[in-house]
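Asks: Sequence order for the protein chains is A and B. Take the first sequence: its position 266, counting from 1, is numbered 266 in UniProt numbering, and each next residue is one higher. Take the second sequence: its position 349, counting from 1, is numbered 349 in UniProt numbering, and each next residue is one higher. I am attaching a structure below and will ask some questions about it afterwards.
Number of protein chains: 2
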Amino acid sequence: MTAKTAHRSAPARRPTVKTLAEMTGYSIATVSKALNDSPVVTDETKARIRAAAESVGYAANPRAASLRTGKSFQAAVLMPISVAEGHEWHGVEYAEILSGISRALEGSSYQLSVHLIRDAEDGRNVAERIVRRGLADGIVFSGIRRNDPRVAYLSSMDFPFVAMGHCDTASGHAYVDIDSGWVAGDATRRLISGGHRRIALINPDPDFAYAQDRIAGFRAAFAQAGLAPCDDLIAEGDLTARFGRESLHRLRAVTDPPTGFVCVNEATTLGLLAGLRDLGLSAEADVSVISYDDLNVSEYFAPPLTTYFQPVEELGRCLGEFLLRRMAGEAPGDLVRVFRPRLIPRQPDRLADAGQTHQQRRKA
Amino acid sequence: MTAKTAHRSAPARRPTVKTLAEMTGYSIATVSKALNDSPVVTDETKARIRAAAESVGYAANPRAASLRTGKSFQAAVLMPISVAEGHEWHGVEYAEILSGISRALEGSSYQLSVHLIRDAEDGRNVAERIVRRGLADGIVFSGIRRNDPRVAYLSSMDFPFVAMGHCDTASGHAYVDIDSGWVAGDATRRLISGGHRRIALINPDPDFAYAQDRIAGFRAAFAQAGLAPCDDLIAEGDLTARFGRESLHRLRAVTDPPTGFVCVNEATTLGLLAGLRDLGLSAEADVSVISYDDLNVSEYFAPPLTTYFQPVEELGRCLGEFLLRRMAGEAPGDLVRVFRPRLIPRQPDRLADAGQTHQQRRKA
DNA sequence: GCGGCTTATAAAAACGTTTTTATAGTCTTT
DNA sequence: AAAGACTATAAAAACGTTTTTATAAGCCGC
C-alpha cells in the first residue's frame, strides 16, 4: 500500500468526476447529473457535490464532454484575411468585434476560435469544414455579400450562425446590422440641404449587401428633395485610404465635379482628405465631407469631420449574445437587430452657408 | 437485417478509425498507427490505410485524440481588451497579428483561440487557467511589462509560449520583437542632425519593456551628439490619439518647448498633429514630427510624415512559427528575432534647413 | 527441428465525460 | 399486505482516439 503510493507530493492531477465521486461517496453518474443540474437528483445531494467541486476547484474537461455529446463548445469567427493584405489601412477594427463577441461569450462554456478566410467563397469552404468536422457549434461572420454563399450553405444545413449584416436572399437568418441606408441617406440629405447638388458616394464593392443599402439611401435622399441622383458619382472599391485618395482624384476630374462627399469609413475619408490636399482643396472652404466612423477618429482629422459614429464593439457583443441564443435553439428570425449610428456634427458646421457658396459658384 | 438498417439515406456519420478498420480489414490500432506514421507498421499497410482515409475524407477527431493524449491542439492568443475601451483609436492592428499567427498555424493541427485579457496581471490569471485546464498547448501574448507576470509564471511552469517583446527579468524565453531602441534612437538622431535641440519623446506607459528601450535609444542619441537629453520632454501614456493631442498641448506649454517630436505610433501621431492645428502650428514649418507606423497610414497625414514602418503581420507570422517550434520542443533561447523597421522618409524632408530655422529662432 | 528473437498486427485499456439502463428502497393503492 | 409506481442512486456503455500489452507467424542459429 505505502509502496504503491508515491512518496513525494502527488503529481497534482486535475480533479475529475471520479475524484468528486470518491470524495462524496456518490457514483460518477450522480456527480455528473448533479453538476449538470439534472432534475433527477436531490437538492441536498446537488449541494453536497457542488460543495466538493468548489472546494477542489473542479472544472469539467470540455473535450471529454465534447466527445460524448458531440458538441464542440467552440464559437467560430470567420475573420477576413483581407484585413492584412498590402498593409494598407482599412479602418476595420476587427479586434473590437472579437472583443465584443468574446465578452458576450464570457461566462458561457463556449470558447472563441478564429478562422481566417480570404473571401466569402473561401468562407463557405471553411464553414463547411467547421460543420463537417464539428469544429464549432456556431459561426459568426461579416462582410455579407448580396448572395452570400456562407449564408446559403449554413441556412441549408440549419447550422447556427449570426451574420454581421443582412442577406436578403436567405429567409430569416439571424443578423446584427448597421442601418447603412439611413446613414447614407441622412448624410446625403444634410449635404443637399446645405446646398450641395453634386454629391459623391464613396462606397464599398457593390457586391456587399450594405453597399446596395447605401446606394438606396443615397438615391432616396435625392428623390425626397425632388432631385435626380448623382449616379455617376458613386465610387466603388475597397475600404482603404488609398481608395479614398484615388477616388477623390478621379471624381474631381469629371466635368461638374462633386462638392459633397459621403464616405463609407474613416480610412477612405482619411485618403480622401489627403487627396483634397493634393489638389489644394479644403474640406472646410471648398467641399463638404461626411464620414462614417467606428473608431472615433474623425475628431482628429484636418478638419474634424461630421460623422456617424457606431462603436463596433457593441455590435460584436450583440453578435455574441445572438449566437449564444441561436445555439440554444432560438429561432433565427427572432435574432435581428439593426443599429442606428449616432450623428456627431462637426465640419461642415455651417453647412447651409457653405452650400450657398457652392451653389452660387456653380451658377456663376 | 433489412429491418435493422435505415431504409432512407444513412445519417452520413463522419468516418472514424473504426470505419477505416472495417474498410481495410486491419484493426483500429493498426489504422491509428498507420495514420500517425508509426515505424512499427509496414509501408504497404500505411499506403493502403492512407488511401482508404483519403477516399472517404477521413479527418481525425481532435477532441478524442486530445482526451487520450492530453494535448489540446489549441494555440492561445491573449488579446488585450484595452483595444476596445473608450472607443478611442489606439492604432494597434491586432487583427493583423492574429492573421499572421493564424497563417503560420495553417497546415499544422493547431487551432487558434483567442482569450481576452484586461492587463498583464489578468493575463497571468488567464494563462494559469489555460495551463491548469489544459485549454491550449502554447500561448502568445504581447504588451510585455518590465517584470511581466505572464512571462514569470509560464517560464516557471516550463509551458511553451512566445512573447511579442523581450522581458529581461526572465532568462531566455522565446520572443519576437521590434528594435524600439534603434527606432527611437535613429529618429532622435535625425532630428538632432536637423538642428533640433529640444525634442520630445511620446512614449507608452513606462512599465512596458519597450518603453524603456525607447528611452534608452532617445538618450543615447543625445549622448552620441554630445548633448544632454531632454528627459523633461518624455510624455508617457496610452497609445490613443487623445493622448497624443493632450501631450502636445502640455509639452508646448513648458518654457523652452520642444520643436521635434518622436511618436510611438500613428494614433498618438494623429492626435499630436491635431494638437498642433489647435495651436495654429504646422508640422512642416514650425516643428518636426517623426512617427512609428505599422498601418501604413502616415502617408495620409497632413503633412505626410517620416516614419519607421514595420508590417505587424510579419511579426505575427514569426510569432506563430516560433510557437509551433516551441511546442515541438525547441529550446526557447533559440527562438528570438528582432525586427528593424524600415525608414520611410517624408516630412520633414528638408530637415536640416528646418532645423536651422528652429535653432536660429531659438537664438533670437 | 526447436527455443528464442524479430516482425506485423490484434486486443484491450485508458482518457473524462454523459446517458441509458438497472437496482434497491419507499410510498401508494386497494 | 402485496403489487405497482415512484424515487434516488449505481452500474455500465458509449464517444474516438492512442498506447500498452498480447499474439501469431516467420526466421535464425545450432
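Cβ coordinates follow ideal geometry from the N, Cα and C atoms, glycine included.
Determine which residues share a DSSP beta bridge with N125/B and list them.
Replies: N125/B is not bridged to any residue.
Asks: With DSSP run on the structure shown, which of helix, strand or coil describes D43/B?
Replies: Helix.
Asks: Can the beta-carbon of I139/B be found less than 9 Å from the beta-carbon of L67/B?
Replies: Their beta carbons are not under 9 Å apart, which means I139/B does not touch L67/B by this criterion.
Asks: What do you reckon, are the CB atoms on N265/A and G91/A nearer than 9 Å?
Replies: Taking 9 Å as the Cβ cut-off, N265/A and G91/A qualify as a contacting pair.
Asks: Using a C-beta cutoff of 9 Å, does V297/B count as contacting chain A?
Replies: Yes - at least one Cβ of chain A is within 9 Å of the one on V297/B.
Asks: Identify the contact partners of S113/A in chain B, using a Cβ-Cβ distance below 9 Å as the criterion.
Replies: Within chain B, the residues near S113/A are Q74, Q111, L112, S113 and V114.
Asks: Check the Cβ of N335/A against every Cβ in chain B and list those closer than 7 Å, keeping chain order.
Replies: Here residue 335/A turns out to be Leu, not Asn, going by the sequence shown. Neighbours of L335/A on chain B: none; closest Cβ ~23 Å, over 7 Å.
Asks: Using CA coordinates, which residue listed in P303/B, L135/B, T259/B and F261/B is at the minimum distance from G275/A?
Replies: Among P303/B, L135/B, T259/B and F261/B, the Cα nearest to that of G275/A belongs to P303/B.
Asks: Classify S72/B as helix, strand or coil using the three-state DSSP reduction.
Replies: Looking at S72/B - three-state DSSP - the assignment turns out to be coil, as it is neither helix nor strand.
Asks: Can you tell me which of the three DSSP states F309/A falls into?
Replies: If DSSP states are grouped into helix, strand and coil, F309/A belongs with the strands.
Asks: Quick one: does L270/B have its CB under 9 Å from some CB of chain A?
Replies: By this cut-off, L270/B is an interface position.
Asks: If you reduce the DSSP assignment to three classes, tell me which class T19/A lands in.
Replies: Helix at T19/A.
Asks: Helix, strand or coil: which one does DSSP assign to S32/A?
Replies: DSSP places S32/A in helix when its eight states are reduced to three.
Asks: Which residues does DSSP list as the beta-bridge partners of G260/A?
Replies: Its beta-bridge partners are I199/A and S288/A.
Asks: Whose C-beta lies closer than 8 Å to the C-beta of D231/A among residues of the same chain, with five residues either side of it excluded?
Replies: So the qualifying residues of the chain are R219.
Asks: Is there a Cβ from chain A that is less than 9 Å from the Cβ of P304/B?
Replies: At least one chain A Cβ lies under 9 Å of P304/B.
Asks: Measure the C-alpha to C-alpha separation of L305/B and I344/B and round it to an integer number of angstroms.
Replies: Cα to Cα, the separation comes out at about 8 Å.
Asks: Which same chain residues end up closer than 8 Å to F73/A when comparing Cβ atoms and leaving out the 5 residues on each side of it in sequence?
Replies: Within the same chain, F73/A has close Cβ partners P62, A65, S66, S109, Y110, Q111 and D137.
Asks: When burial is assigned at 16 or more other CB atoms within 10 Å of the CB, is M327/A buried or exposed?
Replies: Its Cβ being crowded by 16 or more others within 10 Å, M327/A is buried.
Asks: Taking its Cβ as the centre, do 16 or more other Cβ atoms sit within 10 Å of A283/B, making it buried, or is it exposed?
Replies: With 16 or more Cβ atoms within 10 Å of its Cβ, A283/B is classed as buried.
Asks: Under a Cβ-count criterion, where at least 16 other Cβ atoms within 10 Å of its own Cβ denotes burial, should V40/B be classed as buried or exposed?
Replies: So V40/B ends up on the exposed side.
Asks: What number of angstroms, rounded off, separates the C-alpha of A184/B from the C-alpha of A223/B?
Replies: Between A184/B and A223/B, the C-alpha separation is close to 14 Å.
Asks: To the nearest angstrom, how far is the alpha carbon of R14/A from that of T30/A?
Replies: Their Cα atoms are separated by approximately 19 Å.
Asks: Which residue from Y308/A, D207/A and E22/A puts its Cα closest to that of G237/A?
Replies: Residue D207/A is the option with its Cα nearest to G237/A.
Asks: What do you get for R361/B, buried or exposed, if any count of 16 or more other CB atoms within 10 angstroms of its CB means buried?
Replies: Only weak support exists for where R361/B lies, its pLDDT of 44 falling under 50; the coordinates are left without a value.
Asks: Strictly by DSSP, which residues pair up with L323/A?
Replies: Paired residues: none, contrary to the question.
Asks: Is the Cβ of G134/B closer than 9 Å to any Cβ of chain A?
Replies: For G134/B, the answer is yes, since a Cβ of chain A falls inside 9 Å of its Cβ.
Asks: What residues in its chain sit with their C-beta under 6 Å from that of R103/B, if we drop five residues either side in the sequence?
Replies: Closer than 6 Å at Cβ, skipping near neighbours: R317.
Asks: With DSSP as the reference, identify every bridge partner of G138/A, one or two as the case may be.
Replies: DSSP output for G138/A lists A75/A as bridge partner(s).
Asks: Starting from the Cα of A267/B, find the closest Cα among F301/A, A47/A and H166/A and give me that residue.
Replies: Among F301/A, A47/A and H166/A, the Cα nearest to that of A267/B is on F301/A.
Asks: Any beta carbon of chain B sitting closer than 9 Å to that of L273/A?
Replies: Interface residue, yes.
Asks: Starting from the Cα of L154/B, find the closest Cα among V126/B, I215/B, E44/B and D294/B and give me that residue.
Replies: Selected option, being the one with the closest Cα: V126/B.
Asks: Compute the beta-carbon to beta-carbon distance between G217/B and W182/B, rounded to the nearest angstrom, for a pair I have assumed lies under 8 Å.
Replies: Confirmed, Cβ separation roughly 6 Å.
Asks: Can you pull the chain A neighbours of W89/B, defined as C-beta to C-beta under 7 Å?
Replies: Correct list: L295, N296 and V297.
Asks: Could you pull the start and end residues of the alpha helix (DSSP H) that R189/A belongs to?
Replies: It spans S180 to S193 - the alpha helix (DSSP H) in which R189/A sits, taken as one unbroken run.
Asks: Among the residues of its own chain, which have a CB less than 8 Å from the CB of R50/A, if the five just before and after it don't count?
Replies: Contacts found: A34 and L35.
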